[in-house]
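Heads up, the thing below is written out as structure tokens.
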């Protein structure tokens, strides 16, 4: 029997941190050695997340207290803009799976524009590999730093990248009407996320201002080989987990909706976590809840000539921590589904 | 003191029927004389809707049992396709406010195509006036039969009709990504509408097949003076009341997003129930819950040149029964807000 | 036509404040002259509560900025412990309807025990009348200061007071298993009230420690003429509005469950807002949502000899602001239902 | 490597059936050979439960079509009263884990009283072992037929049986105020379970009439050695999964609340799935969601001398299918946690 990989989770008191604990505490090749939460240092995980009361986990500590000589890999689930300095100062032997946005934008100027400060770890950013697993396996396996995609980008890129790569859709005609569960907003104490403010109603937010937008455009531009600008409207849904992207596209070079469907079905055949539904069927977020799966459906809009592509993920799993574990498995040579093959929880 | 208008509500055991009772039982100029529900005849309203236990209402009866000589106006909240024969056979003195879809489509061929049977009251359909109140007041006031718009059409037409009438948007580039609460699906016993199947998740349904689509296209075509075909994707939301339409359009003839906003703001100035928010702000469905209000917001999508228009209504009130009462007030010369001026219920 | 009563609402940026605005903005005899929210002073109500965008309301100001010479009555919807100093310093001509807990406990020692500080307006507290409307109309009509009951006390006292007054139940055998919607916790930014923390789950909280407990015991003791100690377990429900009290009692002096039911039915006959259901039927909170109604049901538990009494209210309406307006109507001689006779919103 | 146990699931189109598939499809020692659903025979599991689209499962068939020679064990997730005839006619080599209520009541007269018909498999009922795992391991391991407890009984019996066995609480003073998620009501098309009827509100139902009541009393009577009659009030909660029992008891023979807590903590020490929280703390259903865990808390109610015991389970897992798999593991000598050690899903 081989030794386990010793990991730390930074930011264990947030939802993506808790999701990492849920997945990694049952991962057969992982030993959780350190859990950090600077403001909760000294507390137990059961204090901050009652659902872990039955586990024997290390007590929460500060990042400074971590003994990195005992850590092989670190999962960063810190708030955006706080990860980069931490990663910059890590010992070289520690491999990094970052769930935050800090290493996703490749262009420092673009980062500055959207985050309103200079990036503090430009060297490390150059090393970072974008962790959209299904499109980047070879580089992920060898990388030291993985920038795991955001939830909105994951849901949008999985169906769009293959179509742009093959030049089957018009890069100027992509509209993404995105709907997210509340857990994507984190555990911070914000009035806007109270049950009273979120349940029994819906609304759009951050139109043209959401930080996942340049990330999506960066990856679509790479896929298309030409500058892509999207229309992107995020909406907040009265549910905790789940993300649905309704994507409006126009086929080019003779591509029909059915053709786009065929391309996606072929591209993802054999994938463990990406499932293209029969043509004309569309997914429900509840059918991927708590799982690392992505369901994709394609429908024709006959009269207008558009195709409608709908993708569904769990924003905390495939859209964050689950994809992080998927990348971790690749990095350490474990079967890609290890620890993340649980089936969706419905109802 | 003038006599009250004596009304009947057909289909009082459904949600739009109950919504009519909620509004009309407190309407100062209305006397509810008959409530029908063929399968529940003999029961009290409190039996089928516990929230009315404190009211003194007529017992539920069959449609056949209604004494029409005592009725001035009838609200029809029957399932689609069952209203037309009833309305055909009504005495002439009875004025009709129909909440169902039966008299909305003007073209019998279009009706047949979407409802798969011949319309049974073509004479009456010719008399019917489309009850989108803000656009049709004069004809509504004099009409005998009002075909109240569906919920999706109400939310879409209020912002789109003024823009198409003024030729400010491209009629070939209208995408409506619509989100509805579950109450729109009615009180029928369907597995798909169980709490377990609907809560904590979202999904699209009926893409290109929803019967509100031809209704929207009919009215947009009239407004544009040219054939309009839309892309229309309805989604089911885990909430009871509320509808949000996210509408993607392109300005033409020099119209910017700000210009579209100005046009809408001007068009609805002074309206009691339609409120255009400041440019760049967008509405929440929970802020219109239980009320007859429609909130509209307009946002620019600078890079792509599109404008995003978002409208919010309560599907049971402005999207159904509330607009019915609004039309009724016009027909009988009551102030338009009578009985429907309650403020939204939030939280 | 008589002049309107000029009112101020203190604490208009909280949920009970917003509920007062919802009710009073449509009250035919009220003019809203001032709305305060110290931390939001200068903003409009539409800024803090989007649902009021269509109203013309005074801008939010600080309490200090209120010109009391223009105010006849003030509704206090401030956080607990902040009302008393404000009320102490008000000019004498201003009548006070307090929705907070500050004037509910009559015994200063009990207040100190539960709130951990000395009461700052003992003179005013002596004048305060407990505003459980159905039991105190004469004193309320003449009072200067009304201490409106808490939500849990309202739901518990309405059925229990008549039974204890008539010595029909054992005062040592009262168990109140109470369930509340989240809006009762207010609009404060607390992690515990996030959608993610509250939805799709339930839990008890504050057992034997909830501040509504001494208030209930105070009033039950008065009714019984003997010291009453209750078992009281509040639970937080994944819903915004609504409160259900499941109350376990034992009849004494020959009282059966059916007898208790008969007593309550007789006691509340003719009441506008309290409805005793047929024996054996029990209420749903959704059937009183958004209304000032209380529904009460009584069931026999044959084998054990207990009776189970269930009461349902909307915690923000009959449990707070609605009862406040009901008391206001009494104080000013308006019909008791003025402005609060809207029917429940279901679904 | 040993051969897998070949199983059939009867009633795979219901929620407990789907929960069995979720657990057993990932069970390392199980091969799912047959899935039945008489009315859906011929469809795939993906047709009836979209979340299983990525699995290769046998197509749904009728019970008659099952080839029992290829089945070692059968899980019955059929509606109540339909299981008994099926089990009666099974070949002897097939071991039975029944999730329905059919074999829970030992007294045929009691069964007749509550189910209004004669039991059709009295011979088999005599063989059935009550599957409350933590109290019956030896008999379960050897049994041919397991009657898995209902969800309400599981949540109530786990804390109450040890206390009654030790005569630490008064058997005449047990009040169970129970709250259940909607999934317990199954997937049947009932108006009462529509999202519109269930969300945003709560209510009690079936007081003194719920069929889980005699089951609880049967087991409590066995534990106490004396006839136990309980007060039992089930409530329907606006959530899908989760059950919370708030249990009011009185200590006897000198037992304090703290003493009761100590007894429970000791009794369940070392159990994998039953966790007694520190004295004074109480559980949340969301902290056991999707898992086989039961959390128990005990609080003192000082003034009245009562103790309040609160237990939380997921009604579909520990309250149904999870406990079924736990028993199955015992029957076949697998480690008890196999296939059911997933951590709770929160948020």
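Chains as they are written, first to last, in the working numbering: chain A, 1 to 347; chain B, 1 to 347; chain C, 1 to 347; chain D, 1 to 347. Where is the CB? At the ideal position from N, CA and C, for every residue including glycine. All figures in this text were calculated on a predicted structure; none of them were measured in a lab.
Cβ neighbour criterion (16 or more within 10 Å) applied to residue i
{"i": "residue 304 of chain D", "result": "buried"}
{"i": "residue 104 of chain A", "result": "buried"}
{"i": "residue 14 of chain B", "result": "buried"}
{"i": "residue 125 of chain C", "result": "buried"}
{"i": "residue 69 of chain C", "result": "exposed"}
{"i": "residue 318 of chain C", "result": "buried"}
{"i": "residue 122 of chain B", "result": "exposed"}
{"i": "residue 227 of chain D", "result": "exposed"}
{"i": "residue 108 of chain A", "result": "exposed"}
{"i": "residue 36 of chain B", "result": "buried"}
{"i": "residue 329 of chain A", "result": "buried"}
{"i": "residue 59 of chain A", "result": "exposed"}
{"i": "residue 266 of chain D", "result": "exposed"}
{"i": "residue 171 of chain A", "result": "buried"}
{"i": "residue 300 of chain D", "result": "buried"}
{"i": "residue 187 of chain C", "result": "buried"}
Where residue i meets chain A, residues with beta-carbon distance less than 9 Å
{"i": "residue 107 of chain B", "result": "Result: empty, since nearest Cβ-Cβ is about 16 Å, beyond 9 Å."}
{"i": "residue 87 of chain B", "result": "Per Cβ cutoff of 9 Å: no residues; residue 87 of chain B is ~31 Å from chain A at best."}
{"i": "residue 298 of chain B", "result": "Neighbours of residue 298 of chain B on chain A: none; closest Cβ ~10 Å, over 9 Å."}
{"i": "residue 200 of chain C", "result": "239, 240"}
Paired residues, beta bridge with residue i - DSSP
{"i": "residue 75 of chain C", "result": "C:9, C:97"}
{"i": "residue 303 of chain B", "result": "Its beta-bridge partners do not exist; DSSP assigns none."}
{"i": "residue 31 of chain A", "result": "A:6"}
{"i": "residue 60 of chain A", "result": "A:35"}
{"i": "residue 284 of chain C", "result": "D:203"}
{"i": "residue 310 of chain A", "result": "A:246, A:297"}
{"i": "residue 179 of chain D", "result": "D:235, D:244"}
Neighbour list for residue i in chain D, Cβ cutoff strictly below 7 Å
{"i": "residue 341 of chain A", "result": "26"}
Residues that residue i contacts on chain B, provided the C-beta gap is smaller than 7 Å
{"i": "residue 38 of chain A", "result": "Result: empty, since nearest Cβ-Cβ is about 32 Å, beyond 7 Å."}
Residue i (DSSP reduced to helix, strand or coil)
{"i": "residue 234 of chain D", "result": "strand"}
{"i": "residue 203 of chain C", "result": "strand"}
{"i": "residue 277 of chain C", "result": "coil"}
{"i": "residue 251 of chain D", "result": "strand"}
{"i": "residue 167 of chain C", "result": "coil"}
{"i": "residue 291 of chain D", "result": "coil"}
{"i": "residue 41 of chain D", "result": "coil"}
Neighbour list for residue i in chain A, Cβ cutoff strictly below 8 Å
{"i": "residue 256 of chain B", "result": "Within chain A, no residue comes near residue 256 of chain B; the closest Cβ sits about 14 Å away, beyond 8 Å."}
Residue i: contacting residues in chain C (beta-carbon distance under 8 Å)
{"i": "residue 259 of chain D", "result": "The premise fails here: residue 259 of chain D is roughly 18 Å from chain C at the closest Cβ pair, so nothing lies under 8 Å."}
Proximal residues of chain B, C-beta to C-beta of residue i below 9 Å
{"i": "residue 22 of chain C", "result": "342, 343, 344, 345, 346"}
Chain-ordered neighbours of residue i on chain C, where CB pairs are closer than 7 Å
{"i": "residue 334 of chain A", "result": "Ordered by position in chain C, no residue passes the 7 Å Cβ test against residue 334 of chain A, which lies about 30 Å from the chain."}
{"i": "residue 293 of chain B", "result": "54"}
{"i": "residue 15 of chain B", "result": "347"}
query: Listed in chain order, which residues of the stretch 239-250 of chain C have Cβ atoms closer than 7 Å to some Cβ of chain A?
result: 240
- prompt: Using Cβ-Cβ distances below 8 Å, what residues of the stretch 204-238 of chain B are close to chain C?
  reply: none
task: Determine which residues of the stretch 263-289 of chain D have a Cβ less than 8 Å from any Cβ of chain C, and write them out in chain order.
output: 282, 283, 284, 285, 286, 287, 289
task: Please name the residues in the stretch 302-318 of chain D whose beta-carbon is closer than 9 Å to at least one beta-carbon of chain C, in chain order.
output: Answer set for the stretch 302-318 of chain D: 302, 303, 304, 306, 308, 310, 312.
Contact set between the stretch 152-183 of chain A and chain B, restricted to residues whose Cβ is under 7 Å from the partner: 175, 177, 179
message: Taking beta-carbon pairs under 8 Å, can you tell me which members of the stretch 46-57 of chain D lie near chain A?
response: 49, 50, 51, 52, 53, 54, 55
task: Would you list, in chain order, the members of the stretch 186-198 of chain A that have their beta-carbon closer than 8 Å to a beta-carbon of chain B?
output: 196, 197
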